[in-house]
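Visitor: Quick note: the sequence shown, position 224, residue 317 per this note's numbering, numbers continuous. First the structure, then my questions, so here it is.
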Amino acid sequence: MLQVYLDPCTINSRKVLAGLDLMGTKFELKHIDYFTGEHKSPEYLKILLVENFRPDLIKNPNGTVPSASDGPDFNIKEPNAKPLTDQNDTTKQAPVMLAHCDYTAESGPIRVRQLLWDEAGDLLSRRVACFNSIHLALSKRPLAMRDVTSAPADDLFNLHLRYCDPNGENYVMRYSPTHQCWYFPNMEADQVILLKTYESRSDVARFIGYTAFENPMSPPDAKIHESVEIRTIAFL
């Protein structure tokens, strides 16, 4: 039997990439077909990012599952982005240096109702899963993703988000020395991280905590975190 011994710290996921799915993680590294282009131009984002992320990454064995976009078509995170309190443009935000989950057990279904209204009742009778596809352009501050097997539910507490409309709710994760995290350094242009951020079933891992972090292994001249995120809700 193959045995993998891991230190209780933030781990380079590439070193054990082949075994991540078997270990029950709720994230993976995916390859997509990209043309070269400026990653922040509207045309590049609309045509290349959106068309690559949604149809090719969110699938079941019988083909593409019904899905809906969660919020704006894309979200750019960069160090010089507008303050998070500015509500006029939600497509640009600063990287989040806080371990958090995108949804809670309550806010996941609420988000479906906010987005789909009349269709929500029927869709919520299905299994619902939310995904966040992240193209990390620069990696001085890569994403650390918490291993769900090392983070019990007691380590999550609610963070209420108050906007003009609508309100929301996330989980924030308390620190624990038992937590174990993973990250992918030096991501290529055709690679994205696919996170499952909400799951309606209660008998499987439902939430994953993640955060940007200062990577001490980054070279001194490395540029700070920039990423493009696309959120999708799938109904199985």
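Backbone N, C-alpha and C fix where the C-beta goes; we use that ideal spot for every residue, glycine too. The structure displayed is predicted, hence computed values, not measured ones.
#1: In chain order, what are the residue ranges of uninterrupted beta strand (DSSP E) at least 3 long that sit wholly in the segment 184-266?
#2: Within 10 angstroms of the Cβ of Pro235, are there 16 or more other Cβ atoms? Answer buried if so, exposed if not.
#3: Counting along the chain, where does the beta strand (DSSP E) carrying Ile323 start and finish?
#4: Using the C-alpha atoms, what's the distance from Val189 back to Ser311?
#5: Among Val265, Met238, Ser295, whose alpha-carbon lies nearest the alpha-carbon of Leu287?
#6: Starting from the C-beta of Arg267, find all residues in its chain whose C-beta is less than 6 Å away, skip the five residues before and the five after it, and write them out in chain order.
#7: So what's Lys289 in DSSP terms, helix, strand or just coil?
#8: Find out if the Cβ-Cβ distance for the pair Thr304, Leu191 is shorter than 8 Å.
#9: Between Ile317 and Lys233, how many whole angstroms is the CB-CB distance? I'm expecting something under 8 Å.
#10: Following the continuous beta strand (DSSP E) through Thr304, name the residue where it begins and the one where it ends.
#11: By the DSSP assignment, the beta strand (DSSP E) with Tyr276 in it spans what residues?
#12: CB of Asn263 to nearest heavy atom of the ligand FAD: below 7 Å?
#13: Note down, in chain order, each residue of its chain lying with its Cβ closer than 6 Å to the Cβ of Pro259, except the 5 sequence neighbours on either side.
Guide: Taking the coordinates as given:
#1: 221-231, 236-239, 249-254, 261-266
#2: buried
#3: 319-328
#4: 18 Å
#5: Met238
#6: Asp248
#7: strand
#8: yes
#9: 5 Å
#10: 303-305
#11: 274-276
#12: With respect to the ligand FAD, the structure shown offers nothing to examine, as it has no ligands at all.
#13: Gln207
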